[in-house]
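*Asks:* Starting off with a structure, shown below.
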C-alpha cells in the first residue's frame, strides 16, 4: 500500500514539473509612450513568466525594472491606424508600445497572448487541491515530506491562499474521521450501558456465578457488545484510527499553514514598500505634470487635458481643433511672458576660427550655400507675383503668405516686409545670425548649439524648440550663413543677408524630435538721410528696410487652420520683438554700417 502511494506522489510531482515549465522569454527594444513632455522613448521590454516589464535600457536590467504588469488580467489591443503600435492595459493602467515593423508588433502580441493563456491556468486552485487529495491518502512522516515538496515558495498571494485552503481541507477530513470514530464509540458505549444488568444483579453474579439465569443474562450482554464492536470495525475499515499518524499529519499541516502565512506577510510587506516608493514617484511626477499643464489652460477656459498618444498631434488626434488651437495659443502666451525673464544660457560650442576665413570652395556646402543665397537675392529683385495674400498689415509692417500643403502638411511660404529706424542692416543681420545672442531674443528655444564652424561666416546650428502641447517637440539642424553684398553703384545701398537652410550632420541625427526643415532668409539694406546741417550721421538719420522670407515644413501633422492662425499671430510678433531687441542692444553703441 505504501509503495503504491509513493508511486502516486512521484507521478504527481512529475506532472507539476511539466506544468511549471517556464514559457519562452521575449525581450527587445520598443518605443514606449512616456508623457506629453517626452513623447515616445526607447525602452527595453522583457516578457517573462506571465509578466511584462520594462527598463530604460538593456544595460539597466541588473538594477531592477521601472515598471511591470501581470498579464493574468491584461488586454492587448493592436492599434487601429498605427500598424506598428499595440496597447497593453490592466484596469486603468495602459502601456502604449510601438515596434519597428508590423511583423515585430505581431510577434509581441502573439507572445503576450500565449503568456496570458498559460497564466490563466498556472498555479490554479484545482491543481493545489489535487495535492491535498493525494496527501489525504497517506499519514505519518511520509505526509509531511510530501506536503513540503508539493508546496513551493515564491508564488503570489492568490497561490498562497489556495495552499491554505488545501491545508484546511486536510484538517477538515482529519476532524471528520476522528469525529466519526468517537461518535461510533460513544454510541457503542451507550447501547452497551442500556443492556447492562442492574447493580443488584451484578452483585448477585459476584455472589453466585452458578445461577443459570444470571449466567444467561451476562452472556447476552457480552453478545450485544460484540455486535457493536463489529459495527465499529466494519465502519472504519477493519482497523481503528491511527492516532499517531494523524498527530504527525496535524503537525505537518499546521506547520504548513504557519509557513504560508509567514510568506504572505513577507509578500505584503514587500508590496507595501514597493507601493510607498511608487506613490512617492507618482507624487513627484504629478507635480511636474501640473506645472507643465498650466500652459494648457487659458484664464477663461479650462482645457480638457487627457493622456496617451491618441491625443498628440496627428490626423487621428482626438482633440478638437478649437482645443488644439487654445492649447498652442496658451503655451505661446506663456513663452511670451517668460521672455522678459529669459536669461542667457551657457552652451558648449566649437571655438570660432581665430582669424577670418572665407568659406573654401572645396567645402561640400560651398555650392549649396552660393546657390541658395543667390536664389534669395534674385527672388527679392524679381518677385512681383500677385499670388501673395496679405495676412497682417500694421503700417510699417506687412506679412504675406501663399497657401501650400504637401502630403497634408501646411508649408505656406511667408514673406514679411518692414522698416525700422535707428538701426542698420548690418546690425540686424549680425544679431540674427550670431549664435551667442540667439537665446536672448528667441524665447521659443529650449537650447541651441553650434554643431560645427565651417568658416567665420558660416556654421551648422542645432535648435531644440520648446514643447507646445499638444504638438510634439521639434528640432532643426541647418547651416547659417551671413554675407555682405556691395551695391552696384555708389548711390545704391549695400545689402546684408542671412540664410538658414536645413541640412544633415552626423553629430545631429534626426529621431528624438520631430525634425523641422526650413529655408529662411533675412535681407536688409540701410537707407541714410544726410543731416540737413551737414553734421555727423546719427541714428536718427538711418532706416533699415527688412525683407524676411520663410519656407518652413513643420515636419508633422497639425490642423491647417491652427498652423495658419499661429503664422498670422507669430510672424509679426517675432519681427517686432527682434527689431526692438536690436534697437536696445545698439542704442549706446557706435553705428555698425
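Residue numbers (the UniProt record's numbering): 1 to 593. Cβ coordinates follow ideal geometry from the N, Cα and C atoms, glycine included.
Quick check on the DSSP output: the beta strand (DSSP E) that includes residue 397 runs from which residue to which?
*Replies:* It spans 397-401 - the beta strand (DSSP E) in which residue 397 sits, taken as one unbroken run.
*Asks:* Residue 565 by DSSP, collapsed to three states: which one?
*Replies:* helix
*Asks:* Distance check for residue 536 and residue 412, CA to CA, integer angstroms please.
*Replies:* Taking the straight line from one Cα to the other gives about 44 Å.
*Asks:* Out of 433, 431, 456, 394, state which residue places its alpha-carbon closest to the alpha-carbon of residue 360.
*Replies:* 456
*Asks:* Hey, how far is the Cα of residue 256 from the Cα of residue 157?
*Replies:* Between residue 256 and residue 157, the C-alpha separation is close to 15 Å.
*Asks:* Among 112, 79, 519, whose alpha-carbon lies nearest the alpha-carbon of residue 52?
*Replies:* The residue with the shortest Cα to Cα distance from residue 52 is 112.
*Asks:* On a Cα-Cα basis, can you pick out the residue from 86, 181, 97, 407 that is closest to residue 558?
*Replies:* 407
*Asks:* Based on the DSSP secondary-structure assignment, which residues constitute the bridge partners of residue 421?
*Replies:* 543
*Asks:* To the nearest angstrom, how far is it from the Cα of residue 417 to the Cα of residue 493?
*Replies:* 17 Å
*Asks:* Check whether the Cβ atoms of residue 90 and residue 70 sit closer than 9 Å, and answer yes or no.
*Replies:* A contact, by the Cβ cut-off of 9 Å.
*Asks:* With H, G and I counted as helix, E and B as strand and the rest as coil, what does DSSP make of residue 179?
*Replies:* helix
*Asks:* Using alpha carbons as the reference points, say which of 271, 582, 35, 425 lies closest to residue 285.
*Replies:* Comparing alpha carbon positions, the residue from 271, 582, 35, 425 closest to residue 285 is 35.
*Asks:* Residue 251 by DSSP, collapsed to three states: which one?
*Replies:* Of the three classes helix, strand and coil, the one that applies to residue 251 here is helix, per DSSP.
*Asks:* With H, G and I counted as helix, E and B as strand and the rest as coil, what does DSSP make of residue 484?
*Replies:* strand
*Asks:* Use the C-beta contact count for residue 167: other C-beta atoms within 10 angstroms, 16 or more gives buried, fewer gives exposed.
*Replies:* buried
*Asks:* Are three or more beta carbon pairs between the region 515-531 and the region 392-409 nearer than 8 Å?
*Replies:* no
*Asks:* Is the separation between the beta-carbon of residue 423 and that of residue 582 shorter than 9 Å?
*Replies:* yes
*Asks:* From the DSSP output, in three-state form, read off residue 28 for me.
*Replies:* strand
*Asks:* Can you name, in chain order, every residue of its own chain whose Cβ lies under 7 Å from the Cβ of residue 587, other than the five neighbours on each side?
*Replies:* none
*Asks:* Between 464, 499, 472, which has its C-alpha nearest residue 479's C-alpha?
*Replies:* For residue 479, the closest C-alpha among the options 464, 499, 472 is that of 499.
*Asks:* What three-state label does DSSP hand residue 370 in the structure shown?
*Replies:* helix
*Asks:* Identify every residue that forms a DSSP beta bridge with residue 524.
*Replies:* 496, 546
*Asks:* What residue from 568, 96, 577 has the CA that sits closest to residue 401's CA?
*Replies:* 568
*Asks:* Tell me whether the beta-carbon of residue 449 lies closer than 9 Å to the beta-carbon of residue 513.
*Replies:* no
*Asks:* Using the rule of at least 16 other Cβ atoms within 10 Å of the residue's Cβ for burial, across every protein chain shown, is residue 358 buried or exposed?
*Replies:* exposed
*Asks:* Given a threshold of 16 other Cβ atoms within 10 Å of its Cβ, counted over all protein chains shown, does residue 371 qualify as buried or as exposed?
*Replies:* exposed
*Asks:* Run through DSSP, which three-state label would residue 344 get?
*Replies:* Confidence in residue 344 is poor, its pLDDT being 45 and thus under 50, which makes the residue's placement unreliable; the coordinate value appears in the next sentence. DSSP places residue 344 in coil when its eight states are reduced to three.
*Asks:* Looking only at its chain, what residues have a beta carbon closer than 6 Å to the beta carbon of residue 524, apart from the 5 residues adjacent to it on each side?
*Replies:* 425, 428, 429, 496, 544, 546
*Asks:* What does the alpha-carbon distance come out to for the pair residue 415 and residue 28?
*Replies:* 48 Å
*Asks:* Report all residues from its chain with a CB closer than 6 Å to the CB of residue 421; omit the five preceding and five following residues, and keep chain order.
*Replies:* 543
*Asks:* Excluding five sequence neighbours on each side, which residues of the same chain lie with their C-beta closer than 8 Å to the C-beta of residue 572?
*Replies:* 392, 394, 397, 399, 416
*Asks:* Could you tell me which residues DSSP puts in a beta bridge with residue 61?
*Replies:* DSSP links residue 61 through a beta bridge to no other residue.
*Asks:* By the DSSP assignment, the beta strand (DSSP E) with residue 454 in it spans what residues?
*Replies:* 445-455
*Asks:* Could you tell me the distance, in whole angstroms, from the CA atom of residue 344 to the CA atom of residue 24?
*Replies:* Since pLDDT at residue 344 reaches only 45, below the 50 mark, its modelled position is unreliable, and the value read off the structure follows with that caveat. About 54 Å.
*Asks:* When the Cα atoms are used, what is the spatial distance from residue 522 to residue 278?
*Replies:* 51 Å
*Asks:* From the DSSP output, read off the bridge partner residues of residue 77.
*Replies:* 87
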